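Read through the structure below, which is laid out as structure tokens, and then see the notes.
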Amino acid sequence: MDAPKEIFLKDYKLPDYYFDTVDLSFFLGEEKTTVSAKISVVPRVDGVASPLVLDGVDLKLISVKINGNELKEGEFQVGPRHLILTSPPSGNFILETVTEILPHKNTSLEGLYKSSGNFCTQCEAEGFRKITFYQDRPDIMAKDTCRIEANKLLYPVLLSNGNLIEQGDLEGGNHFAIWEDPFKKPCYLFALVAGQLESRDDTFTTCSGRKVALKIWTPPQDLPKAEHAMYSLKAAMKWDEDVFGREYDLDIFNIVSVPDFLGAMENKSLNIFNSALVLASPETTTDADYAAILGVTGHEYFHNWTGNRVTCRDWFQLSLKEGLTVFRDQEFSSDMGSRTVKRIGDVSRLRTRQFPQDAGPMAHSVRPHSYIKMDNFYTATVYEKGAEVVRMYKTLLGSQGFRKGTDLYFERHDGQAVTCEDFFAAMRDANHADFANFLLWYSQAGTPIVKVTSSYNAEARTFSLKFSQTVPPTPGQPVKEPMFIPVAAGLLDSSGKDMPLSSIYHDGKLESVTCCGQPVYTTVLRVTKGEEEFTFSDVPEKPIPSLLRGYSAPIRLQSDLTDDDLFFLLAHDSDGFNRWEAGQILARKLMLSQVVNFQKSSPLVLDPQFVHGIKCILLDSSLDKEFIAKAITLPGESEIMDLMEVADPDAVHAVRKFIRKQLASQLKHEFLNLVKENRSSEKYVFDHTNMARRALKNTALGYLASLEDEEMTELVLHEYKTATNMTDQFSALAAIAQKAGKARDDALADFYNQWQHDYLVVNKWFALQSSSDIPGNVENLYKLLGHQAFDLKNPDKVFSLIGGFRASHVNFHAKDGSGYKFLGEVVLQLDKLNPQVASGMVTAFSRWKRYDETRQNLAKAQLEMIVSVNGLSENVYEIASKSLA
Ligand code: ARG
Ligand code: ZN
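What the sequence shown shows, in numbering that gives the first Met the number 0, is residues 0 to 884, in sequence order.
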């Protein structure tokens with residue numbers, strides 16, 4: 000392959016030409032599709048006629064005209080990636096092209112392609128260039144119309160962005176529709192859908208009284224499953240008005256459910272979603288899926304303002320829209336359920352997905368400095384760490400200040416393509432805020448490590464916190480500067496109550512922290528230096544500090560809290576997040592200490608104080624049940640491996656399993672009661688109270704099933720058979736599947752038998768098996784690859800089976816290299832079909848240097864094998880080569 004080209008943020012240049020309006024016309028055929036584009040081109044600087052370079056990939060150029068005249072040889076050049084108009088006229092002109100594309104041969108799931116017989120598009124980030132020749136960059140914003148013509152029987156529904164302005168029948172069984180989008184937009188927000196779909200219809204009346212038609216389109220048989228998505232959409236529309244003052248701006252909003260689709264996409268007024276993120280019914284869909292649908296529907300809808308009305312100047316600014324929109328969807332889900340539980344889930348996700356990335360060869364800042372393939376930067380760093388950065392503005396400014404900031408952002412930048420600095424400036428200017436070196440969060444990669452020590456001075460009645468921070472080196476950034484870290488802190492007295500905070504001595508000044516004369520119980524410390532001290536005054540007794548409340552910054556905090564302090568916080572902290580966090584810190588310490596025992600072949604032991612702490616949580620009826628379920632769940636294996644010098648998957652797995660089993664046997668009575676008391680009623684309800692009951696019952700059931708105990712196996716089987724919804728049925732199946740044997744085999748076979756007609760449920764069945772820790776599961780994986788329900792072309796099936804496998808650390812990192820070999824083989828097959836999906840899978844190798852020498856050599860061999868392959872995609876090349884560097 001040609002040496003892949005790396006693109007740098009520092010090289011950004013304004014375009015030489017803008018596009019004002021675009022009229023697209025599609026003739027959708029069975030063999031090929033013809034695309035005509037008529038673009039009005041406006042030079043940025045009048046009178047300068049530099050060559051106009053249009054992006055275009057996998058396109059066959061049929062004709063190109065300027066101002067109605069066909070261009071002759073020499074007036075243009077076509078290559079595999081570009082069409083260059085060598086000497087366009089000076090001044091405005093009309094460019095017309097006709098191209099042919101082959102959607103039915105397109106397996107990349109970007110550009111225009113076919114999924115289950117229907118046509119659909121995905122253009123973000125750079126897929127529009129697979130549809131027609133264009134300046135495929137987000138700072139080119141144009142108003143467009145789209146005419147679609149196709150056979151009426153095969154494609155009765157024809158959709159694009161904006162309003163339907165004309166439709167009709169044509170001779171020969173064809174029909175057409177013309178759509179017009181009144182808002183100018185970058186081409187990555189263009190969408191087209193054509194096929195056999197039906198809609199669930201509803202309406203929403205906006206705060207100013209505009210009546211919006213809402214339509215969720217699915218294949219006819221799926222329509223009954225669109226109710227929850229509609230509920231989610233309406234809730235999101237209302238929430239954005241109430242919380243951000245954002246009203247919807249068109250008379251129609253469509254969502255289309257597509258089985259072969261990567262995630263979901265916020266195209267203007269025509270969102271396209273993977274079916275798994277739309278379709279729901281109690282019998283087939285778990286609580287986690289219901290919650291994901293709510294969150295993603297909100298996310299894509301919220302993009303209408305954060306992404307569409309105000310978009311990104313270039314792709315390096317992706318977090319401007321994604322970080323902000325993830326933050327918005329997190330807040331939406333919080334308000335619809337439990338804030339603490341949502342926060343716990345989001346932080347766990349950050350720790351398991353983003354922290355490893357920030358510490359590995361692909362580490363990049365929230366705003367990356369360079370990329371080879373933009374698709375590789377739709378990452379946990381850009382999305383989730385980006386959301387944490389937005390959250391920090393809110394932590395620093397408070398809700399009202401934050402809202403002033405977003406109001407100013409929309410007011411200043413509506414209709415523009417802007418940068419992360421523009422968001423920062425709006426936050427700052429709306430509040431006359433001092434944000435010190437906050438912008439470093441956008442440019443410096445790596446998870447800051449903050450150490451804190453405390454001391455109490457009884458005579459002076461002061462309590463001091465001494466912070467020191469370091470940011471680990473990351474590729475291309477060997478030396479880091481100290482960052483601005485907001486640390487939300489409170490102090491607990493010996494009865495466990497929050498102490499009122501009055502003033503803090505810092506940087507040579509005594510500052511009052513009261514608010515309008517009222518005492519506060521949490522204050523935000525602004526840690527900005529390498530080393531820094533804060534001293535609370537008027538502290539009548541030695542307090543236990545509760546630090547980083549609500550997880551106020553995306554850092555690793557290392558404190559000098561003792562185990563007793565942590566148990567105290569677990570029992571008393573008024574900040575729910577930190578209560579959970581105290582339990583997690585204790586669990587991490589415990590697990591790491593037992594890993595050492597395991598490696599020395601010493602017996603494993605479980606600290607009785609830990610069992611007691613868990614028991615108190617289990618029995619505390621004042622607590623939210625979903626909170627209890629989270630608090631009794633041990634940190635995941637990858638989180639523990641992350642904390643080790645050399646990651647040891649076998650040791651961590653053995654230890655986690657040991658502790659789970661010990662807890663199950665010592666708290667068997669309590670767990671049994673929880674199962675009995677929290678069984679579901681017949682009718683499934685999606686609300687926090689009911690989800691919390693199910694979560695607690697099923698977590699308890701998982702513990703009980705880990706016991707080698709006939710009676711418990713019977714209990715779990717009973718729960719499986721009597722389940723009335725998928726949450727309970729699937730949890731029971733997962734509980735049974737922990738142990739190899741006949742009960743497991745029978746249950747898995749029974750489940751497949753029951754649900755083989757429903758591909759979304761079958762995907763869960765694949766994932767449950769592939770992520771299983773049962774010894775030697777790779778064998779089974781090869782079998783499942785050949786299963787009649789499996790298809791390498793469908794991303795969900797790949798994520799279930801191949802993605803799921805990566806979650807079993809013992810099997811993926813098997814010391815005989817069988818797991819690595821399996822993944823290496825599959826990546827190469829996938830790369831030919833879909834480079835984006837393949838590169839997503841190859842990231843599993845990227846942290847190979849974290850393991851012992853044997854594993855390192857085995858994983859490295861696979862990476863070397865992959866990069867040596869001829870015709871490798873840029874996507875996979877970028878990840879594999881950076882991993883080896
Ligand atoms: N903008 C979409 C979202 O809301 C994601 C687009 C994904 N594109 C890609 N090439 N991976 O999150
Ligand atoms: Zn998004």
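For glycine and all other residues, C-beta sits at the position ideal for the given N, C-alpha and C. Nothing here was measured: the structure is a model prediction, and the numbers come from that model.
Here DSSP, grouped into helix, strand and coil, assigns Glu-510 to strand. Look at Gln-835: its beta carbon is less than 7 Å from one of the heavy atoms in the ligand ARG. Counted as a single uninterrupted DSSP element, the stretch harbouring Asp-248 is not any beta strand (DSSP E), since DSSP gives it neither H nor E. The continuous alpha helix (DSSP H) containing Tyr-408 extends over residues 385-412.
Annotated three-state conformation of Leu-791 is coil, per DSSP. DSSP links Phe-203 through a beta bridge to Val-211. Considered as a whole, the stretch 452-502 harbours 461-469 and 484-491 as its complete beta strand (DSSP E) runs of no fewer than 3 residues, in chain order.
Look at the stretch 328-358 and you find these whole runs of alpha helix (DSSP H), each 4 residues long or longer: 338-348 and 354-357. In this structure Tyr-392 is buried. Its beta-carbon is surrounded by 16 or more other beta-carbon atoms within 10 angstroms.
Placement of the Cβ of Glu-265 at a distance of less than 7 Å from at least one heavy atom of the ligand ZN is found.
For Gly-612, the uninterrupted alpha helix (DSSP H) segment begins and ends at 607-618. The straight-line gap separating the alpha-carbon atoms of Met-426 and Cys-206 is approximately 25 Å. Rounded to the nearest angstrom, the Cβ distance from Val-836 to Pro-794 is 5 Å, consistent with a contact under 8 Å. In the DSSP assignment, Lys-696 falls within the alpha helix (DSSP H) that extends over 687-704. Contact between Ser-333 and Lys-341 holds: their C-beta atoms lie close to 4 Å from each other, under 8 Å. In the DSSP annotation of this structure, the continuous segment of the alpha helix (DSSP H) that includes Asn-752 starts and ends at 741-754. For Glu-873, the CB contacts under 6 Å within the same chain, skipping 5 residues up- and downstream, are Pro-3, Ile-371 and Lys-372 in chain order.
In the DSSP assignment, Val-381 falls outside any alpha helix (DSSP H), carrying neither H nor E. In terms of Cβ geometry, Val-77 and Leu-60 form a close pair [threshold 8 Å]. Your pair Thr-394 and Ser-551 checks out as a contact, with CB atoms roughly 5 Å apart and the cut at 8 Å.
In the DSSP secondary-structure assignment, Pro-42 is bridged to Tyr-16. Taking the Cβ of Ala-228 as the reference point, every heavy atom of the ligand ARG lies at 7 Å or farther away. Distance from the Cα of Pro-155 is smallest, within the candidate group Thr-217, Val-478, Gly-110 and Asp-201, for Thr-217. Within 7 Å of the C-beta of Thr-380 there is not a single heavy atom belonging to the ligand ZN. For Leu-500, the shortest C-beta to heavy atom distance toward the ligand ARG is 7 Å or greater.
Secondary structure note for Gln-661: its alpha helix (DSSP H) is the uninterrupted segment 648-665.
With fewer than 16 other beta carbons inside 10 angstroms of its own, Phe-7 counts as exposed. In this chain, Ser-558 is not harboured by any alpha helix (DSSP H); it is covered by the beta strand (DSSP E) spanning 555-558. Residue side-chain check: Thr-324 places its Cβ nearer than 7 Å to a non-hydrogen atom of the ligand ZN. Taking 8 Å as the upper bound for CB-CB distance, Ala-739 and Val-715 are not in contact here, some 15 Å apart.
Taking non-hydrogen atoms of the ligand ARG into account, the C-beta of His-302 is found less than 7 Å away from one of them.
By the neighbour-count criterion, in which a residue is buried when 16 or more other Cβ atoms sit within 10 angstroms of its Cβ, Thr-96 is buried. At least one heavy atom of the ligand ZN sits closer than 7 Å to the Cβ of His-298. About 19 Å separates the CB atoms of Lys-210 and Asp-180; that is not less than 8 Å, and the two are not in contact. A Cβ-Cβ contact shorter than 8 Å links Asn-596 with Leu-603.
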